[in-house]
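In our numbering, the protein residues as written are 3 to 270. Reviewing the structure listed below.
Have a look at this one:
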């Protein structure tokens, strides 16, 4: 438990640095683009159109009155998934890409993982605003359910940070890790209830969904804006499983990170 506390203290003690570097990186990312930050909205919307044509109109056929419900189901699954997958992809590679910066500025390398999360979260805010406006004006959920989004932020940060603690070290130690990660995320996309309903699938896929921590995050996000079932998504078993899994990842990731953080340059 001590190692988890030390990791979180590093993030809290460097909050100002995390915010400044996140803003700087985000500005520099779009500095040479004509549309600038508008790509934060345009790119996810383009993906929604593609997936809706394939999964909504193609595989499902003509759903008539169910089209709008399916579109809402799709965007409330796809938007957070884009955020999760991009945060993991960027976070797993961030120490490898910016190891020189850490060496020069002398701040904890784990801070880079939080910076990566914040950058991708800012992108999510733009698309979430669209969903919020749709939900609010159509009265899909009571206003109190929108605060569930705050829980999504906390839960997603803890899981992604823990996952990237492991992956950011393995990417440097084992070069094949990056390719393996791409395939794992691709598989997770199809076994996470993004474009299908977890209540209408086979028992085997239901079990996989229950064991999938990304499905838990998608469920929280979707519940906050369009479903509004109960005070919080899931039951006590779902919460216990997710946080046990996340804290275990954080514990393992912390040990791996601290063991190799001072020797990573030797593996480059």
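Every residue, glycine too, gets a C-beta built ideally from N, C-alpha and C.
query = Which whole-angstrom value is the C-beta distance of residue 77 and residue 133, which I expect to be below 8 Å?
reply = The distance from the Cβ of residue 77 to that of residue 133 is about 6 Å, consistent with a contact at the 8 Å cut-off.
request  = Could you name the residues of the same chain whose beta carbon sits closer than 6 Å to that of residue 262, not counting the 5 residues immediately before and after it, in chain order?
outcome  = Cβ neighbours of residue 262 beyond the five flanking positions: 171.
inquiry  = Just to confirm, is the Cβ distance from residue 1 to residue 256 under 7 Å?
reply    = Outside the displayed range of the chain (3 to 270) lies residue 1, so it cannot be described from this structure.
message = Between which residues of its own chain and residue 251 is the CB-CB distance below 8 Å, once the five residues before and five after are set aside?
response = These residues qualify, in order along the chain: 161, 164, 165, 167, 168.
task = Measure how close the beta-carbons of residue 279 and residue 114 come, nearest whole angstrom, since I'm counting them as under 8 Å.
result = Residue 279 cannot be examined here, being either before or after the span of the chain that is shown, 3 to 270.
ask   = Which term fits residue 150, buried or exposed, when burial requires 16 or more other beta carbons within 10 angstroms of its beta carbon?
value = With 16 or more Cβ atoms within 10 Å of its Cβ, residue 150 is classed as buried.
Contact set for residue 25: own chain, Cβ-Cβ below 8 Å, skip 5 residues either direction = Excluding sequence neighbours, residue 25 sits near nothing in its chain.
ask   = When the Cα atoms are used, what is the spatial distance from residue 211 to residue 186?
value = Cα-Cα distance, rounded: 15 Å.
message = Could you compute how far the alpha carbon of residue 173 sits from the alpha carbon of residue 98?
response = Roughly 7 Å between the two C-alpha positions.
task = Could you pull the start and end residues of the alpha helix (DSSP H) that residue 182 belongs to?
result = Under the DSSP assignment, residue 182 falls in the alpha helix (DSSP H) whose first and last residues are 179-193.
key: Residue of 238, 23, 82, 20 minimising C-alpha distance to residue 293   = The structure shown does not extend to residue 293, since the chain spans only 3 to 270, so no value can be given for it.
query = What alpha helix (DSSP H) runs, 4 residues minimum, are completely inside the stretch 237-265?
reply = As far as the stretch 237-265 is concerned, its whole alpha helix (DSSP H) runs of at least 4 residues are 238-262.
key: Simplified DSSP state of residue 164, which is helix, strand or coil   = In the structure shown, residue 164 sits in a helix (DSSP, three-state: H, G or I).
ask   = Between which two residues does the alpha helix (DSSP H) harbouring residue 227 extend?
value = DSSP places residue 227 in no alpha helix (DSSP H); its state is neither H nor E.
ask   = Near residue 244, which residues of its chain fall below 6 Å by C-beta distance, leaving aside the five closest residues on each side in sequence?
value = These residues qualify, in order along the chain: 215, 218.
request  = Return the CA-CA distance between residue 50 and residue 72, expressed in angstroms with no decimal places.
outcome  = Each residue's Cα considered, the two are about 11 Å apart.
message = With distance defined between alpha-carbon atoms, name the residue in 15, 111, 230 nearest to residue 260.
response = When the alpha-carbon of residue 260 is set against those of 15, 111, 230, the nearest one is in 111.
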